[in-house]
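Shown next, in structure tokens, is the structure this report addresses.
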Amino acid sequence: MGATAEQYLRQLDTGRRPDLPETTAGTLRLDVRDDGSTDHWYLTVADQQVQVARSADDADLVVSADRRVFDRMVNGQLHPGAALLRNDLALHGDMRLLMLLRRIFGGPSGARHPRELGRAALAARPSDRSAAGAQASDRRPVHAWEGRS
-16 MGATAEQYLR QLDTGRRPDL PETTAGTLRL DVRDDGSTDH WYLTVADQQV QVARSADDAD
44 LVVSADRRVF DRMVNGQLHP GAALLRNDLA LHGDMRLLML LRRIFGGPSG ARHPRELGRA
104 ALAARPSDRS AAGAQASDRR PVHAWEGRS
């Protein structure tokens, strides 16, 4: 398994994060439960930057879950929305900020953005459109009522 939520939050870069929307700002408190105790992490998001502190102050959104749930989200193994639907997370406050966690925590290792995949697929296509069109017209769909030979 990869990093734990605590390791990830301790080393989280406070520099500019272009993956965060420029207009989004708010505070999140992550209540990480483990063995009868709760660790509080306070994230302030503004101007595409994330500041992390250890605090139990009130926040725009409070997210509570077991440590293993946060660990899975940090490693891209669990989407925050899926965790919410499974009742693995408890929320209090502005739910719109929940999707920021996905951008802050990132995705699975080796994952690529769908636009990157689309650009790579377009780049791999033949440049001669007429040849590509001729190949496509040579293939005729086989319908269920037509026998296959």
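Sequential numbering of the sequence shown, starting at -16, is according to our numbering. Idealized CB from N, CA, C, for every residue including glycine.
For residue i: DSSP bridge partner residues
i     : result
Leu11 : Leu26 and Leu44
Ser38 : Ser38 pairs with nothing; no bridge assigned.
Asp17 : Ser20
Val52 : BP columns for Val52 are empty, so no partner.
Gln32 : Ala29
His75 : Val45
Option in the options with minimal Cα separation from residue i
i       : options                             : result
Ala42   : Arg55, Arg50, Asn58 and Thr27       : Thr27
Asp(-4) : Leu13, Thr6, Ser20 and Gln31        : Gln31
Val46   : Ala65, Ala39 and Ala73              : Ala73
Asp22   : Leu83, Ser38, Ala65 and Thr10       : Ser38
His75   : Thr(-13), Arg(-7), Thr10 and Gly59  : Thr10
Gly(-2) : Asp14, Glu(-11), Ala(-14) and Ala29 : Ala29
Ala8    : Glu99, Leu81 and Ala(-14)           : Leu81
Asp14   : Glu99, Asp71 and Pro1               : Asp71
Ile87   : Arg98, Leu3, Leu68 and Ala104       : Leu3
Asp40   : Arg12, Leu61 and Asp54              : Arg12
Arg0    : Leu83, Ala104, Arg98 and Pro109     : Leu83
CB contact flag (residue i, residue j, <8 Å)
i     : j       : result
Trp24 : Val35   : yes
Arg79 : Pro63   : no
Asp17 : Asp49   : yes
Val57 : Tyr(-9) : yes
Where residue i falls, given that 16 or more other Cβ within 10 Å makes a residue buried
i        : result
Ala107   : exposed
Ala65    : exposed
Ala(-14) : exposed
Ala(-12) : buried
Leu100   : exposed
Arg55    : buried
Leu44    : buried
Leu105   : exposed
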